[in-house]
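Asker: Sequential numbering from 0 applies to the first sequence in numbering that gives the first Met the number 0.
Handing you this structure, nothing more for now.
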Amino acid sequence: MPELPEVEVVRRGIHRWATYATVTQVEVLDQRSLRRHEVGEADFIARLTGQLLDEPQRRGKYLWIPYGEGSHALVVHLGMSGQVLVTDPSLPDPKHLKIRITITSGDRIQELRFVDQRIFGGLYLDALVPAVDRPEELLPATVTHIGRDPLDDHFDTEAVFRKLRKRRSNLKRALLDQSLSSGIGNIYADEALFRARLHYSRPTETLTRNEVSRVYSAAEQVMRLALSQGGTSFDALYVNVNGESGYFDRSLYVYGRHGQLCYRCEERGQETLIERRKFMNRSSYFCPVCQPVPRRARK
DNA sequence: CGCAGGTCCTGCACGC
DNA sequence: TGCGTGCAGGACCTGC
């Protein structure tokens, strides 16, 4: 479910409510949420208990909380349906609660709750290593293959352009490839394509520098906008960092709008309906006028 | 039955 | 032939 803006909202919520807290207890209610912690539940509990949590970090859709003087981190991936809640322990357990991490800061006791219906997400512990391109930056070893996201100060559009030109794939697949650039999922891929007026099946090797720059600026813009709208949603006594009701209005122009009028065409007095296609085993939404199918489309 | 916003493994094709 | 790489497709889950 969550793409970059949702994950960033979670990061800010954790930053505000859990930074410099100490883990006093860890309870695993469903081992499947530890699938990526290969050495198992007992190790996870033993190593995390007693740790002082540092400021949460993010790259793309990966979120991590460093501990142990920056040597390791608790890594969180929300998958399709994951949520992180910071709550008072007296609140009843939500449905699909998978992992409970009790934390204290001063005399305040809270719980960091990982909730996940579909179990594509999960938690694990990992060592922090220097980023290859900027050694002063640390990230989990399992996250080193993830490219920088468009909101990252060191995101390099020119480098992405060069890689795209060498690829024999289509633009949407490239946008969704987290090793090329991260944080973009199905929704924001469609939104970025619409804003840049490019079709999802466009062969990557034919893209111009200008088109690549357009689609990544569009991705950056739409994600910043979503973030600015979601930024206040965790400011509550009991923080629903990423709540059930809590997906904020993303100001979507195409995603989920099939059969409805294209806003851009409408402004010109033209009535075009947004279409939905099965593409790469998922739904893709686009305007057939603003985003014409390229002469040589690629699956 | 179809649908859901993610990730990663497998197997294939290709070049060296 | 074997190996590495890039790419497409499916598996992984539950619930509406």
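Think of the CB as a built atom: it goes at the ideal place given N, C-alpha and C, for glycine as much as any other residue.
As the structure is a computational prediction, the values presented were derived from the model and not from experiment.
At what residues does the beta strand (DSSP E) containing residue 296 begin and finish?
Answerer: Careful: residue 296 lies outside any beta strand (DSSP E) and carries neither H nor E.
Asker: Consult DSSP for residue 228 and reduce its assignment to one of helix, strand or coil.
Answerer: The answer is helix: DSSP assigns residue 228 an H, G or I state.
Asker: Any chance the stretch 90 to 106 sits against the stretch 24 to 36, with 3 or more Cβ pairs inside 8 Å?
Answerer: Touching, yes, given that three or more Cβ pairs across the two stretches are closer than 8 Å.
Asker: Take residue 119 as the anchor and find which of 79, 298, 283 has the nearest alpha-carbon.
Answerer: Ranking 79, 298, 283 by Cα distance to residue 119 puts 79 first.
Asker: Starting from the Cα of residue 218, find the closest Cα among 161, 187, 202 and give me that residue.
Answerer: Closest option to residue 218, Cα to Cα, is 187.
Asker: If you draw a straight line from the alpha carbon of residue 177 to that of residue 171, how long is it in whole angstroms?
Answerer: The alpha-carbon atoms of residue 177 and residue 171 are separated by roughly 12 Å.
Asker: Just mark residue 36 as buried or exposed, buried being the case when its beta carbon has 16 or more other beta carbons within 10 Å.
Answerer: With 16 or more other Cβ atoms within 10 Å, it is buried.
Asker: Using CA atoms only, rank isn't needed, just tell me which of 206, 191, 146 is closest to residue 59.
Answerer: Comparing Cα-Cα distances from residue 59 to each of 206, 191, 146, the minimum goes to 146.
Asker: Return helix, strand or coil for residue 134, following the three-state DSSP convention.
Answerer: In the structure shown, residue 134 sits in coil (DSSP, three-state: anything other than H, G, I, E or B).
Asker: When the distance is taken between beta carbons, is residue 74 closer than 9 Å to residue 125?
Answerer: Yes. Within cutoff.
Asker: Skipping 5 residues on each side, what residues in its chain have a beta carbon closer than 8 Å to that of residue 198?
Answerer: Once the five neighbours on either side are set aside, the close Cβ partners of residue 198 are 170, 192, 285, 290, 291, 292, 293, 296.
Asker: Assign residue 97 to buried or exposed, taking buried as 16 or more other Cβ atoms, counted over all protein chains shown, within 10 Å of its Cβ.
Answerer: When all chains shown are included, residue 97 counts as buried.
Asker: Within a Cβ cutoff of 7 Å, which residues of the same chain sit near residue 31, ignoring the five residues on either side of it in sequence?
Answerer: Same-chain partners within the cutoff: 118.
Asker: Which stretch, first to last residue, makes up the alpha helix (DSSP H) that contains residue 277?
Answerer: Premise fails: residue 277 lies in the beta strand (DSSP E), 274 to 278, not in any alpha helix (DSSP H).
Asker: When you compare only the Cα positions, how much space is there between residue 138 and residue 228?
Answerer: Each residue's alpha carbon lies about 28 Å from the other.
Asker: For residue 201, which of 163, 253, 157, 220 has the nearest alpha-carbon?
Answerer: For residue 201, the nearest C-alpha among the options comes from 163.
Asker: Round the Cβ separation of residue 2 and residue 184 to the nearest angstrom and send it over; I've been treating them as touching at under 8 Å.
Answerer: So it is a contact: roughly 4 Å between Cβ atoms.
Asker: Suppose you measure from the CA of residue 272 to the CA of residue 189; what does that come to, to the nearest Å?
Answerer: Whole-angstrom Cα-Cα distance: 15 Å.
Asker: With a cut-off of 8 Å on the beta carbons, I'd call residue 70 and residue 127 a contact; round off their distance for me.
Answerer: Indeed, because the Cβ distance is near 6 Å, the residues count as touching under 8 Å.
Asker: Nearest CA to the CA of residue 106: which residue from 269, 20, 211?
Answerer: Minimum Cα distance to residue 106 is reached at 20.
Asker: Do you know offhand how far residue 46's Cα is from residue 260's?
Answerer: If you take the alpha carbons of residue 46 and residue 260, they lie about 54 Å apart.
Asker: Residue range of the alpha helix (DSSP H) that residue 187 falls in?
Answerer: Unbroken alpha helix (DSSP H) run through residue 187: 185 to 195.
Asker: So, is residue 269 buried or exposed, given that buried needs 16 or more other C-beta atoms within 10 angstroms?
Answerer: That one is exposed.
Asker: To the nearest whole angstrom, what separates the beta carbons of residue 208 and residue 160, a pair I think is in contact under 8 Å?
Answerer: Sure, about 6 Å apart at Cβ, within 8 Å.
Asker: In the DSSP assignment, what are the bridge partners of residue 84?
Answerer: Residue 84 is bridged to 112.
Asker: Could you check how far apart the C-beta atoms of residue 81 and residue 115 are, in whole angstroms? I think they sit under 8 Å.
Answerer: So it is a contact: roughly 4 Å between Cβ atoms.
Asker: Which ranges does the alpha helix (DSSP H) cover as unbroken runs of at least 4 residues, wholly within the stretch 148 to 172, from first to last along the chain?
Answerer: With a minimum length of 4 residues, the continuous alpha helix (DSSP H) runs that stay inside the stretch 148 to 172 are 156 to 165.
Asker: Could you name the residues that DSSP lists as bridge partners for residue 26?
Answerer: Partner(s): 99.
Asker: Less than 9 Å between the beta carbons of residue 109 and residue 93, yes or no?
Answerer: No, the Cβ-Cβ distance between residue 109 and residue 93 is not below 9 Å.
Asker: To the nearest angstrom, report how far apart residue 34 and residue 266 are at their CA atoms.
Answerer: Taking the straight line joining both Cα atoms gives about 49 Å.
Asker: Helix, strand or coil for residue 104, going by three-state DSSP, please let me know.
Answerer: Strand at residue 104.
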